[in-house]
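Read in order, the letters of the sequence shown are residues 80 to 222 in the working numbering. For glycine and all other residues, C-beta sits at the position ideal for the given N, C-alpha and C. To keep things clear, I will list the structure first and then write my remarks on it.
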Amino acid sequence: MADIFHHFPINASTKRVYETISTPTRLDKWWTKKCSGKVDIGETMHLHFEPDYNWTAIVSKHSPNQEFELTMQTSDKDWEGSKVGFRLTDKNNVTEIQFYHTGWKEANEHYRISNYCWAMYLRLLKRCLEFGEFVPYADRLNV
Numbered sequence: 080m081a082d083i084f085h086h087f088p089i090n091a092s093t094k095r096v097y098e099t100i101s102t103p104t105r106l107d108k109w110w111t112k113k114c115s116g117k118v119d120i121g122e123t124m125h126l127h128f129e130p131d132y133n134w135t136a137i138v139s140k141h142s143p144n145q146e147f148e149l150t151m152q153t154s155d156k157d158w159e160g161s162k163v164g165f166r167l168t169d170k171n172n173v174t175e176i177q178f179y180h181t182g183w184k185e186a187n188e189h190y191r192i193s194n195y196c197w198a199m200y201l202r203l204l205k206r207c208l209e210f211g212e213f214v215p216y217a218d219r220l221n222v
């Protein structure tokens, strides 16, 4: 099995970070094109990216301002059953993020591409929270 990990700080409170990684309308600011669903354990989140990428995930961890995790359901075959999550720690109003995407069956080409894309998306998350920047969905991997 292969896993993806990224650890980095964001100059924002854990409350703001948590809202931005877990709330559908906020996910649309840095990751999804359109997200919907209820943020509660066992609930389904609908993650829309492109016409052929209408995915679903189950909220598997939900501890406000501390931890949020999605277990991928309907998605790319390599992502099915994998877990995408965030652990947050406050350090003097700077949030330390421990991001993970675990449960990959193998470190194939899609794994390597996804690792790169996560780094790009997480940078957009940081820029969104620290500077209020919003990049339109179509341009997100080109900035």
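Counting C-beta pairs with one atom in each stretch, the segment 183-202 and the segment 143-160 have three or more that are closer than 8 Å, which means they touch. Residue 169 and residue 218 have their C-alpha atoms some 31 Å from each other. Looking at the DSSP output, residue 182 sits in no beta bridge, so it has no partner there. Proximity to residue 81 across 165, 183, 215, 148 peaks at 183, based on C-alpha coordinates. Around the beta carbon of residue 104, fewer than 16 other beta carbons sit within 10 angstroms, so the residue counts as exposed. Taking every protein chain shown into account, the CB of residue 142 has fewer than 16 other CB atoms within 10 angstroms, so this residue is exposed.
Residue 144 places its beta carbon less than 8 Å from that of residue 94. Every unbroken stretch of the beta strand (DSSP E) spanning 3 or more residues and falling wholly within the segment 155-215 is given here in chain order: 162-170, 173-183. A distance below 7 Å between beta-carbons, with the five flanking residues on each side excluded, links residue 196 to the following residues of its chain, in chain order: 220.
Assignment of residue 104 by DSSP, reduced to helix, strand and coil, places it in the helix class.
Under the DSSP assignment, residue 222 falls outside any beta strand (DSSP E); it carries neither an H nor an E label. Of the residues assessed, residue 209 falls on the exposed side of the cut-off, its CB having fewer than 16 other CB atoms within 10 angstroms. Closest in C-alpha terms to residue 101, from the list 87, 85, 125, comes 125. Cβ-Cβ distances below 6 Å link residue 213 to 108 in the same chain, with the five nearest sequence neighbours on each side left out; the list follows chain order. Per DSSP, reduced to three states, the secondary structure at residue 93 is helical.
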